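Colleague: These protein sequence lines map, in sequence, to chains D and X. Residue numbering for the first sequence follows this note's numbering, beginning at 1 and increasing consecutively. Residue numbering for the second sequence follows this note's numbering, beginning at 1 and increasing consecutively. In this text, a Cβ means the ideal position worked out from N, Cα and C, and glycines have one as well. Note that this is a predicted model, so its numbers are computed, not measured. Attaching a single structure in structure tokens format; questions to follow.
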Amino acid sequence: MNKPLLIKDGRIIDPSQKLDEVGNLLIAEGKIAWRGKGEEKPPQKDYEVLEAKGLVVCPGLIDMHSHLREPGYEEKENIASGSRAAARGGFTTICCMPNTNPPLDKRTAIEFIKSTAAAEAVIRVLAIGCITKGRKGKELAEMGELAAAGVVAFSDDGEPALNSYIMRQALDYSRAFELPVTDHCEDTILTDGGQMNEGTLSAKLGLRGLPNAAEDIIVARDLALAELTGGWIHIAHTTTAGAVELIRRAKEKGIHVTAEATPHHLTLTEERCIGYNTNAKVNPPLRTEKDIEALIEGLNDNTIDIIATDHAPHTEGDKLCEFALAPFGISGLETALGSLMKLVHGKKLSLNTLIAKLTSEPARILRGKHGQIGTLAVGAEADVTVFDPAREWVVDTREFASKGKNTPLEGETLKGRVIATVYGGKIVYRDSAGK
Amino acid sequence: MTTEQIKSVAPKPAPVWQHRHILDIDDFSREEIELVFNTTQAMKEVLSRPIKRVPALRGKTLITLFYEPSTRTRLSFELAAKNLGADAANLSAPASSVTKGESLIDTVSTLQALGADIIVMRHPNSGAPEIAAHYVKASVINAGDGWHAHPTQALLDLYTIQEHKENMKGLKAVIIGDILHSRVARSNLWGMTTMGIDVTLCGPPTLLPDEMAAANHHLPKTHIEHNIERALDGADIVMMLRLQRERQQSGLLPSLREYVQLYQLTEARLKLARPDALVMHPGPVNEEIEIAPAIVHGPQSVIEEQVANGVAVRMALLYILAGSQKS
């Protein structure tokens, strides 16, 4: 076991305990061992010190939506590189999507993820299982076996808009396992050939649009099916003002729904596509200021439960082509916190709310099935993120641990930088320019 | 006429001209468009001579890279290059290595390595020439990309208009047809509005999204009118667009028959426009569908002039671009 670690004089923010105070945190034997204020002495003497004066100390961030590409697309990312990217971004738990090759639709596939993660990942990697066999949308995958293997949700992400009959069965059947069905909400008949948000900019650029309505329609359908079945629907990457309003009303009615939004949809607009920038091509597409405002309002009134990255790495070659031929996706793990801090600095979101959306709220969705995470309570897993909310840095994809350099933020200055990531009591990432 | 003589007739490009590539005309100033007009005028004088050649671009290499079939645009670029003494070669992309998965960037880099000074490109995907332009030293001329832009067509359309209309400012133009899929319409609405022409877009709502006339920072102010009679009322310029027959199959139109009933430019409808209204079409024309044959060949049609002006306008653009490359 590592030597105990004292994280000293940091601003400890832990929404799970409604905690926001300057103090010290002692980590020993992979758990949070003790917490005290400045003058209080830790119960033991022999420890290493991580100086955190002026820094925020919070539970390790949790990402419910990452694409790690392994098995099958290791040229874009693998579990090892994706986990390092996560650690650089302050994440200690990530949940990988099953749109791999082969897809994660069987127990053996989940076992592969678990064993590879155990051997190669520097943080906790959890798996999301498929809804249907082979992600083909025809027959349900063996959800019970996937649940027993430890999946955290079911999703056919990347292959959206299951037919309503299969979605009904999935929401119904999955009730037995108390796991959410996560849907990428897109009416693909309406968006066929779509490249970016539909609006004046798509009209100018001559690109086929993905209208907001295509998302709203499937969100409305999924909510109706969740109401019908009593199943748990989790809305992936919400992007439209309409969808936020639908989810809000469904929650008022008591429908079992949780929802996420991504850092890029919360901070960037469709204008990033100007110049046919394929690194801004993502699905759902970057939308407008009006949608961003609605998403932020949704975060603040808990219509949107969590922030998830939808980290979608691609190779440089994948994106080096005509806009219409480029794959969708943004590599997001390493810029997530820095991007999101813009909302805090701009007073759109409190720092405590932001941290809750990345720690205690996703932990609530995971329901304690994967250890006591998303909290700094004594006895919990020693997953801790230390970041400097005021540190400015320039995004340089050459420094990314992710194989995916596909971000529209290259060269931009972000304010808020991860200084250290502690997973299971061990420092798994330390900013090289750090304090 | 020698190169020196051309220079004396054509205005110097440097102070006004801001473009290394011609990708669209959304960022062209009125002065730049007027420079194209004046240079085109000089080129027309060259073309009126028994030997229609000047060596202004001798030693330059122009390559046309067409990922879509085209007759008139490609031919007019090749003739323009040859008339100026440049070497012209062509690559018809689908027939070549492109089908083996060679990327756009690889292909334009190869053309660059082969010594292209100017690459004229047509591509089915919007934005492809702009992406290509990032990777080459050569000047890229967009000869039509997806639904996005067809700047040389718009410039020859504007040139044709100004040959007939002394003052462009305040003229009323109506562009009729499949606006949604039309790169010609998109480039013309920029060029026309820059020159002070009042533009109305007309077509069925499924082929004419309201966003086209949103008049925000992405697009200039135009009007939308779904009724062809009202759109034609008092027009000085009537620009018809080609209707692709696939639009019926893709559910955007109930039938070509109904489209003809609602949107064909007939002689009766043309009477609603001003008596001296010009009838334009970028070609190729679907006679009997978007326009009545009698109008195509009638006294108000300038469709053939558009084709003829295509060579002179493209000579002017090549000349201006080559001049700006030197500086």
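1) Among D:R272, D:T229 and D:G275, which one has its Cα closest to the Cα of D:V257?
2) D:T359: which of D:D63, D:I27 and D:N2 sits nearest, CA to CA?
3) Counting only C-beta atoms, is X:G191 closer than 8 Å to chain D at any point?
4) Answer with buried or exposed for X:A316, where buried requires no fewer than 16 other C-beta atoms within 10 angstroms of its C-beta.
5) Helix or strand or just coil, what does DSSP make of D:C321?
6) Can you name the residues that DSSP bridges to X:E290?
7) Any C-beta of chain X sitting closer than 8 Å to the C-beta of D:F323?
8) So X:V238 and X:I176 are in contact, right, with Cβ under 8 Å, and what is the actual spacing, rounded?
9) Going straight from the alpha carbon of D:E141 to that of X:K221, what length do you get?
10) Count the other CB atoms within 10 Å of the CB of X:P55; is the residue buried (16 or more) or exposed (fewer)?
11) Can you check which of these residues, D:K347, D:R175, D:L25 and D:G374, is closest to D:L50 by C-alpha distance?
12) Considering Cα atoms alone, identify which of X:R74, X:I105, X:P69 and X:I141 is closest to X:Y319.
13) I'd like to know if X:L104 contacts chain D, where contact means its C-beta is closer than 8 Å to some C-beta of that chain.
14) Is D:L205 close to chain X? Criterion is C-beta to C-beta, closer than 8 Å.
15) Taking Cβ to Cβ, would you say D:S402 is nearer than 8 Å to D:S81?
16) Step through the CB atoms of chain X and report whether any lies within less than 8 Å of the CB of D:Y173.
17) CB of X:V313 to nearest heavy atom of the ligand NAP: below 7 Å?
18) Counting Cβ pairs closer than 8 Å, one from the region 31-49 of chain X and one from the region 63-77 of chain X, do we hit at least three?
19) Identify every run of the alpha helix (DSSP H) within the region 82-156 of chain X, keeping only runs that are complete inside it and at least 4 residues long; order them along the chain.
20) Please state whether DSSP places X:F37 in a helix, a strand or coil.
21) Taking 8 Å as the threshold (beta carbon to beta carbon), is X:S126 in contact with chain D?
22) Checking the sheet assignment: what are the DSSP bridge partners for D:C58?
23) Would you mind sorting X:R58 into buried or exposed? The rule is 16 or more other CB atoms within 10 Å of its CB.
24) Where do the N-terminal and C-terminal ends of the alpha helix (DSSP H) with D:K204 fall, by residue?
25) Just verifying my parser: in three-state terms, what is the DSSP assignment at D:Y47?
26) Please name the residue, chosen from X:L207, X:V174 and X:A308, that lies closest to X:A80 on a Cα-to-Cα basis.
27) Does X:L23 come within less than 8 Å of chain D when only Cβ atoms are used?
28) How is D:I247 classed by DSSP in three states: helix, strand or coil?
29) Chain X beta carbons: is any one of them nearer than 8 Å to that of D:Y429?
30) If you measure beta-carbon to beta-carbon, which residues of the region 178-200 of chain D are closer than 9 Å to chain X?
31) Going by DSSP, what residues sit across from X:T64 in a beta bridge?
32) Distance, Cα to Cα, X:G191 vs X:D24?
33) X:N216 CB to nearest chain D CB: under 8 Å?
34) Using a Cβ-Cβ distance cut-off of 8 Å, determine whether D:G298 contacts chain X.
35) Leaving out the 5 sequence neighbours to the left and right, which residues in its chain are closer than 8 Å to X:L253 when beta-carbon positions are compared?
36) Specify the secondary structure class of D:E34 as computed by DSSP and reduced to three states.
Modeller: In short:
1) D:T229
2) The candidate whose alpha carbon is nearest that of D:T359 is D:D63.
3) no
4) With 16 or more other Cβ atoms within 10 Å, it is buried.
5) coil
6) Looking at the DSSP assignment, X:E290 forms no beta bridge with any residue, so it has no partner.
7) yes
8) The C-beta separation of X:V238 from X:I176 comes to about 7 Å, placing the pair in contact by the 8 Å criterion.
9) The question names Glu, but residue 141 of chain D in the sequence shown is Ala. So the alpha carbons of these two residues sit roughly 53 Å apart.
10) exposed
11) Considering only alpha carbons, the answer is D:L25.
12) The shortest C-alpha separation from X:Y319 is found at X:I141.
13) yes
14) Proximity of D:L205 to chain X, defined by a Cβ-Cβ separation below 8 Å, is satisfied.
15) A distance below 8 Å separates the beta carbons of D:S402 and D:S81.
16) no
17) Here there are no bound small molecules, and the ligand NAP is not part of this structure.
18) no
19) 104-113 and 128-133
20) helix
21) yes
22) Beta-bridge pairing links D:C58 to D:T385.
23) exposed
24) For D:K204, the enclosing alpha helix (DSSP H) has its first and last residue at T200 to L205.
25) The answer is coil: DSSP assigns D:Y47 none of H, G, I, E or B.
26) Its Cα nearest to that of X:A80, the residue X:A308 stands out among X:L207, X:V174 and X:A308.
27) no
28) helix
29) It does not; no Cβ of chain X falls within 8 Å.
30) Q195, E198, G199 and T200
31) X:N90 and X:V120
32) 10 Å
33) yes
34) no
35) Within the same chain, X:L253 has close Cβ partners P204, T206, L207, R247 and Y259.
36) Here residue 34 of chain D turns out to be Trp, not Glu, going by the sequence shown. If DSSP states are grouped into helix, strand and coil, D:W34 belongs with the strands.
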